[in-house]
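Since the structure comes first, as structure tokens, the remarks are kept for the end.
Protein chains in written order, with the working numbering: chain A, 5 to 298; chain B, 1343 to 1724.
Laid out in structure tokens, this is it:
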């Protein structure tokens, strides 16, 4: 028994020293506790909604990461290729367009993208929930993928200055292989992974926010188009909002605190899931870069 | 890329977007006018007849007779015309009542309203930018110094003190020990709460305080924009990373070998004290950290463009999500919903100008700093 305890202690110290893994465990653990608590105290339809909202949010955010990665990698390589070409016009045009996208605040760009999505839905071009969510992910990734391009360009330019790049070229290795395999895969995948973790956090934030704005932005109007349930749209529901208002009530009336976790569970759970996920992703990303000394 | 080249690129994008959106604006306004005239083209001449009261059946019958007399053989066409006029007046009345508050034009009154909102938006933006610029550096330095002091987390200290069995003789020492343990726990709870607030989207904080505070004031908006949406914590972390990267560089090691002060103990006489950390103009004389700080700040300047875009997104989120009427971004959302695309275009153009001007300002600032540290030739110098 003593040995088991000692092993648990040693393992805990090991996990605690690797902050990314520690926070991943904390995140999953707290999610599990929240889930069990909700099974015990929340009504079935509301629980179903929360599970759907959370899974849809995760699905969209993971897709944003994948799309940003693919777009960032491909366009990043094209920019690098144009940059080293003697004919500079394509390079200038492409960076100009990328900088223009950068100058549009993400939330405005995504909001305009959502208008396009609602048009596609009303015109019956996109009607499947999965397809709608994929389109939402694509729109969000259009305003995030610039971060991947910046990283890819920075890594390639850094390695191009080193001797090994020219040495490999002299050895007859193709430039494509040097960039894609030796620079990006072998020497930069940790950096890219770290960026993708951060993008995952941004995607959750942007997606929840835009869904909240679309659902609640104008309280007098009811949206004619129904988008898939996400944490953002769930938070915008009137009962969730009342639950959140109850938190403020607790500040003036502390004895009400215990009611929050039983009577206002839906809204509090949704708000908690959003905030705690954002916090955990930030901690995981920080821990990851600290462990790998990025 | 030199500042001149960057400036040209910025100006080009300003011209391009202004002309693109300007063209769109022109066509939207034209389209609106065409739609209005097309709708009325057939019946417009009759609607203008002031001596005919279309509500009066006698007047309508009189008009029909007149038309039949002047243009004989088109009786059915004239009857249909009178019906169309009746229908048009009916729909126009209902639509007019329904959409009186929806359909808006870019009139001089609207321009005036938009200008006021824009000025308010810029003012809030500048305030938040200054506050975050200060906050990011101050909290980044605090975190860096804590790390250099090898301070343990309060939660870890709490658990360690809880598990360890102290051996004291006096009861007072035991009391002190456990009070300190509780203090660690309280501090960790406060830090956890602070983290939750810093990461919470603005609408979560605002809704939870809506019953207690007036969340529609400019002051509340500024505070919310600084602390929420992860803005402060994200850029504090970025600044902290710059400090850590700089502290690992060779020149720092050389400075330490050359006996420059490197102690991070916080005493009153030390260069690293609260007064210097919280000062607006941060200065750490004769300490190696002064150089780490200057170089980290230089790198941070280059991220302000990104921060500005993030900040504007945050402000838009606050105004839109909280339905703060009479504000620039709420107006954008409202006009999008009412499909007044000419007003939407003007608002988007306004936001774009703020971002671009911030980018130009940041590039100029970075360029100024470069002249100081990298011996870059000033523009126009031969």
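Glycine residues also receive a C-beta, built at the ideal position from the N, C-alpha and C atoms.
- Pairing residue 1683 of chain B with residue 1365 of chain B gives a Cβ-Cβ distance that is not under 8 Å.
- At least one CB of chain A lies nearer than 8 Å to the CB of residue 1697 of chain B.
- Close to residue 1659 of chain B, with beta-carbon spacing below 8 Å, are these residues of chain A in chain order: 111, 213 and 217.
- Each of B:1661, B:1363 and B:1345 was checked against the Cα of residue 1688 of chain B, and the nearest Cα belongs to B:1363.
- Chain-ordered, the chain B residues with CB closer than 8 Å to the CB of residue 209 of chain A read 1543, 1571 and 1572.
- Between residue 232 of chain A and residue 141 of chain A, the C-beta spacing is not below 8 Å.
- At a beta-carbon threshold of 7 Å, none of the residues of chain B lie near residue 144 of chain A; the nearest stands roughly 12 Å away.
- In the structure shown, residue 1526 of chain B falls within a helical segment according to DSSP collapsed to helix, strand and coil.
- Assigned with DSSP and collapsed to three states, residue 1625 of chain B falls in coil, not helix or strand.
- DSSP, read as helix, strand or coil, puts residue 1601 of chain B in coil.
- Within chain B, the residues 1351, 1354, 1355 and 1358 have their CB atoms less than 9 Å from the CB of residue 100 of chain A, given in chain order.
- Annotation: residue 1373 of chain B has no Cβ neighbours in chain A at a cutoff of 7 Å; minimum Cβ distance is about 17 Å.
- With its beta carbon less than 8 Å from one in chain B, residue 275 of chain A belongs to the interface.
- Look at residue 232 of chain A here: in three-state DSSP terms it is coil, with no helix or strand label.
- For residue 194 of chain A, the enclosing alpha helix (DSSP H) begins and ends at 191-220.
- Sequence-distant partners of residue 1406 of chain B (beyond 5 residues in either direction) whose C-beta falls short of 8 Å from its own C-beta, in its chain, are 1420, 1421 and 1424.
- Identification of residues in the stretch 283-294 of chain A having a C-beta nearer than 8 Å to some C-beta of chain B yields 283, 286, 290 and 293, given in sequence order.
- If you compare the alpha carbons of A:90, A:86, A:110 and A:111 with that of residue 99 of chain A, the shortest gap goes to A:86.
- With respect to the 8 Å criterion, residue 182 of chain A and residue 173 of chain A are classified as neighbours on the basis of their beta carbons.
- For residue 15 of chain A, the uninterrupted alpha helix (DSSP H) segment begins and ends at 6-21.
- Contact check between the stretch 34-43 of chain A and the stretch 208-220 of chain A: fewer than three CB pairs, one atom from each, fall below 8 Å, which does not count as touching.
- Judged by beta-carbon spacing, residue 1624 of chain B lies within the 8 Å limit of residue 1479 of chain B, meaning their Cβ atoms are closer than that value.
- Distance from the CA atom of residue 29 of chain A to the CA atom of residue 1506 of chain B, rounded to whole angstroms, is 26 Å.
- Within the stretch 1659-1697 of chain B, the runs of alpha helix (DSSP H) that reach at least 4 residues and sit entirely inside it are, in chain order, 1670-1679.
- Nearest to residue 246 of chain A by C-alpha distance, out of A:273, A:8 and A:77, is A:273.
- For residue 51 of chain A, the enclosing alpha helix (DSSP H) stretches over residues 48-88.
- Within the model, the alpha-carbon separation for residue 24 of chain A versus residue 1667 of chain B is close to 42 Å.
- The beta carbon of residue 1575 of chain B sits closer than 6 Å to the beta carbons of 1540 from its chain, once the five residues preceding and following it are set aside; these are given in chain order.
- Note that the C-beta distance between residue 1692 of chain B and residue 1467 of chain B is not below 8 Å.
- With a contact defined as Cβ atoms closer than 8 Å, residue 1484 of chain B and residue 1619 of chain B qualify at about 6 Å.
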